[in-house]
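As structure tokens, the structure follows; a few thoughts come after it.
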Amino acid sequence: MIRFLIRRILLGILVLWLITMAVFGLFFVAPNNVARTMAGRQATPQTVELIRERLGLDQPVWKQYLDFIWKALHGNLGYDYYYQLPVTHIMAQALPITLSLALGASVIWLIIGVTNGVLSAVYPRSFIDRGLTAFALFFYSFPSFLLGLVLLYFIYYKLTLSGLRWFPPGGYAPLSQGPGQWALHMILPWLTLALVLAATYTRLTRSSMLDVLGEDYVRTARSKGLSERRVVLRHGLRSALTPVVTQFGIDLGQLIGGVVVTETVFSLPGLGKTVIDAITRQDLPVIVGIVIFASAAVVTANILVDVAYALLDPRVRLH
Amino acid sequence: MTRTTTAEGQGNTGSDEPLLRLRGVKKHFPVQSSALIRGEQEYVHAVDGVDLDVRRGETLGLVGETGCGKSTLARCIARLYDLTEGTIELDGRDISTLSRREMRPLRREIQMIFQDPYGSLNPRRRVGSIIGEPFAIHDIGSRRERKKQVQELMELVGLNPEHYNRFPADFSGGQRQRIGAARALALKPKMLVCDEPVSALDVSIQAQLINLLADLQDELGLTYVFITHDLSVVRHISDRIAVMYLGKVMEVAPVEELFETSRHPYTRALLSALPLPDPDLADRREQIILVGDMPTPVHPPSGCRFHTRCPKAQPDCAEVVPPLEKAKDDDSADHLTACLYPMDPDERLSRARATVADSEIVADDSALGGVS
Amino acid sequence: MSIGTSDVAAAHEEVAGPVIEGRSPWALAFARLRRDKVAMLSLAIIIVIVVVALLAPLFSAITGHGPNEQYHTANALSPGGLPRGPSGEFWWGTDDLGRDVLVRTVYGARISLLVGVLATALTVAIGVVLGLTAGFLGGLVDTLLTRLIDVVLSVPFILVAVALVSITGPSLSITVLVIGFFSWASVARIVRGQVLSLREREFVEAARSLGSSDRRIMFVDILPNVLSQVIVYTTLLIPVVIVVQATLSFLGLGLPPPTADWGGMISEAQSYYTVAPWFIAFPGAALVITTLAFNLFGDGVADAFDPRTDRLISQ
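Chains as they are written, first to last, in numbering that gives the first Met the number 0: chain A, 0 to 318; chain B, 0 to 371; chain C, 0 to 314.
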């Protein structure tokens, strides 16, 4: 197990290293006029030169890269010239918002997805199954930015018009303003993320549950006279959840980078919105920092998933 | 050195040059394991020094247990594998080091029929296109001509030529093997390597296919290397039989001679497992049950490969690799045996007593002794 | 081969009836698909959308409004400069610049479908070729390609896509390239897995013993056997790609204005969702209906090729 873990981590580091190379190449080397873009249209050649120097762009590429990696390993992802702050500082401010969004949404989509999936599987081909499946498929086909706007229109706008001023149109309220405010600001973004993803989980849980309920040991449990509830929840769901857990790990990793749209629609100043803002002002250090951070999240999540899998199924380790 | 001379002697007894001549053929596969970390690459010695001649128009049966390397040898002959060592001559031409490109024209000479009637035909292609594949690869004939030739081939192997548009899934196992045979015959090869072509079929179908192969041989003057683990099948079709054990040939002889006066203890053990039609004969026959399992081909035993299981193994069996040569004076020139202590026809193996250190038989005794 | 020629000729004369033809796995799958009502209905919707997209100039001619033409009449914009709702002149209302939402939505279908098809084709082409190569050749090539797949799958796609397009500047070809280059990995992984098991089958050895070249074995013997999986994946990939394109557009990185495309229209409509809901509703509905139709159709295709798959919509 230890050897498997070490190999998996080394592989993760290799992948991450390749990503930093790719990101570095794409953003710092390929468009050789980064300094010019950053300086803006009216910049004098001197300003451009100054920016080049400050970014270290006048040095050979390999040295720039080594410099970049060396600093990144020490937790220094560069300096943001727009806000005059270290990139890590900006990310630290945005991270709690993205985490609130990701974790809250994941709780909701897991509850919706697994519940619906189990219901569908327990009553296959019934009216409930068809209804829930149609529900899942509908949201699966819904782009999240559109769903966000639809929720805003009906739940924020229409409700506010009719006098129920429950939900804000967007923005973030930190937990320091009280959990109530925080939750009210997060509910619509949570739903936006959760409903789209819940569809995948409904489908996944349903098929895995149907497989498990057909197994001999479940039939044995039934024939022992256990209540249907106990059979489904204790014997069925427990093993049916393995693929769900795997998928959850992968999605959670991707979510750090996938919240861009939701944060934009609801003006939440998380990592995603920060990237979009950084893009509009061509703020490369921030873009690169967040891209690398998000990749690290994916790689870490993948390792955790593999390890969890190896713990559950020893055959995996043999590869 | 002695081995080479005897092998040449074997070649000279035929009316002319053998069609196929194998000399010291070896095929080792690297073992995939974490051995790399320990620094030592291990190898499976699948085929480990085989000398054989196959004469024009004959059928050479190649028998042995599962894992003895006979299928690997077949794939070496068809040059699906590169040799680790040794030479293969076809019609006097050394083909053992030809590249795949150089090999392509020679594919017309040697073809292969495979074991698995389900796996050896591409399920996504129509039978006509499967049988016509060789024409497409070697760019022979126009579309029309190919179709005509394919239908002739189907007729030849006893299939309805109207079925050329069907898929393999529409055919039975026996019919599929006929398709495989038609494909192999498309290029009019001189030699067919048949890798257990009937072992996946029902017994009643087996006979049909073997008769078909025999008829085709007469009609087209084919030479066969026929691989099987089933001695009764090979007896029916072969002129000569070679017995393999752990990557080496133990004994090779004309069929009747092998069945009547086999010299090698391993051959004797294999033959004793054959069912006999006459119950009296079967009762009288000696039953030899080999002790232990076939050793791993990663670390084959020293000396004679068979000494760990041989009932009459002597100490020098573990040291000397017995050459494949004529064992007794009254054997025919075609009968070669790789044994230091070849058996007489009336010798009984069950009375033999092995006296070799790493024998599985002895090891069992000593283990018992140690306990008591 | 001279043996039995005359017999064959005789057989030909005898059996003058219908040629016996096996039903190919494709034909069987197609027959199953044709019996699938939901899939056929989705296909009909897809065809309608395609036809509408092709006939976009016709809509322009009938309404008399170009897709990028701005109208400043009272029917098009309110005195305060806000979009106007559906009317006799503008059936689906106008946008913030006084353009016809109907005509723009119809033209937008062209972009969605074009990007959907092109980017999917690119994704599948790269994925199949690399997956086939990795699985078939094995060894060092396989190791390198597998690492590459791991890397691409670990990239936070939307984030990187957005950042990339911001550097290169938005255009149709960039959108297609970015989607293609970041999506092929999952196709490659599926194909590789299939090829790994297929290449051990005896028919590959048989092809080799006949003198087939590696390339011929890869494309003539192995490819047809992974094709059904690839087709299923392709139909399910199109709606995903359409959504990704719309998302990029929504984030301001789609096609340069004034080109009409659904994501971009919805992005423009964002600020007006309270006063001009039609401005979001029509392109939004078009987007959802399109992806829904493709998803349902893809589900049917998956079922037709492998009836054991678990269906979204149980029949």
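For glycine and all other residues, C-beta sits at the position ideal for the given N, C-alpha and C.
Remember, predicted model here, so these are calculated numbers, not experimental data.
Check	Outcome
C-beta atoms of arginine 215 of chain C and glycine 118 of chain B nearer than 7 angstroms	no
Residue interval of the beta strand (DSSP E) (run including arginine 233 of chain A)	Where arginine 233 of chain A is concerned, there is no enclosing beta strand (DSSP E), given that its DSSP letter is neither H nor E.
Contact list for the stretch 124-142 of chain C against chain B, Cβ threshold 7 angstroms	none
Three-state class that DSSP yields for histidine 27 of chain B in the structure shown	strand
Where the alpha helix (DSSP H) through histidine 235 of chain B begins and ends	230-236
Nearest candidate by alpha-carbon position, reference aspartate 52 of chain B, set B:Glu64, B:Ala45, B:Glu41, B:Ile76	B:Ile76
Within-7 angstroms CB hit, alanine 245 of chain C to chain A	yes
Every unbroken beta strand (DSSP E) within the stretch 268-355 of chain B, with a cutoff of 3 residues, ordered by chain	none
Candidates B:Leu186, B:Gly127, B:Ala268: closest to methionine 243 of chain B by CA position	B:Ala268
Identity of the residue in B:Glu64, B:Glu108, B:Pro341, B:Leu97 nearest leucine 221 of chain B by Cα	B:Glu108
Which of helix, strand or coil DSSP assigns to proline 104 of chain B	helix
C-beta neighbour in chain B for aspartate 260 of chain C, strict 7 angstroms	no
Beta-carbon gap between phenylalanine 156 of chain C and phenylalanine 180 of chain C smaller than 7 angstroms	no
Buried or exposed (CB count within 10 angstroms, at least 16 for buried), isoleucine 255 of chain A	buried
Contiguous beta strand (DSSP E) assignments of at least 3 residues, all confined to the stretch 138-183 of chain A	none
Valine 177 of chain C: first and last residue of the uninterrupted alpha helix (DSSP H) it sits in	171-197
Proximity test, Cβ basis, 7 angstroms: phenylalanine 113 of chain B and chain C	yes
Segment contact flag, the stretch 194-211 of chain A with the stretch 124-143 of chain A, C-beta cutoff 8 angstroms, min 3 pairs	yes
Per-residue DSSP class, three states only, for glutamate 84 of chain B	strand
Rounded straight-line distance, which links the Cα of leucine 131 of chain C to that of glycine 210 of chain C	20 angstroms
Interface residues of the stretch 167-192 of chain C facing chain A [CB-CB below 7 angstroms]	none
Bridge-paired residues (DSSP) for isoleucine 226 of chain B	B:Leu61, B:Asp194
Beta-carbon proximity of valine 86 of chain A to glycine 269 of chain A, cut-off 7 angstroms	no
Glycine 291 of chain B burial status per 10 Å Cβ neighbour count (16 or more: buried)	exposed
Residue ranges of each alpha helix (DSSP H) within the stretch 62-148 of chain C, 4 or longer	100-136
Option nearest aspartate 282 of chain A by Cα separation, candidates A:Tyr82, A:Lys62, A:Asn75	A:Tyr82
Buried or exposed (CB count within 10 angstroms, at least 16 for buried), tryptophan 189 of chain A	buried
Closer than 9 angstroms at the beta carbon, the chain C residues around isoleucine 89 of chain A	Chain C residues near isoleucine 89 of chain A: none, gap ~15 angstroms exceeds 9 angstroms.
CB contact flag (glycine 297 of chain C, leucine 226 of chain C, <7 angstroms)	no
C-beta contact flag for alanine 317 of chain B and serine 331 of chain B at 7 angstroms	no
Strand pairing of lysine 247 of chain B, partner residues [DSSP]	B:Tyr244
Cβ distance (whole Å) where leucine 118 of chain A is taken to contact leucine 131 of chain A below 8 angstroms	6 angstroms
Collapsed DSSP secondary structure at isoleucine 109 of chain B in the structure displayed	strand
Which listed residue (B:Asp345, B:Lys146, B:Pro314) has its alpha carbon closest to that of histidine 263 of chain B	B:Asp345
For valine 355 of chain B and proline 314 of chain B, believed in contact at Cβ under 8 angstroms, the rounded distance	6 angstroms
Bridge partners - alanine 38 of chain C, DSSP secondary structure assignment	DSSP, once it has assigned bridges, lists no residue as partnering alanine 38 of chain C.
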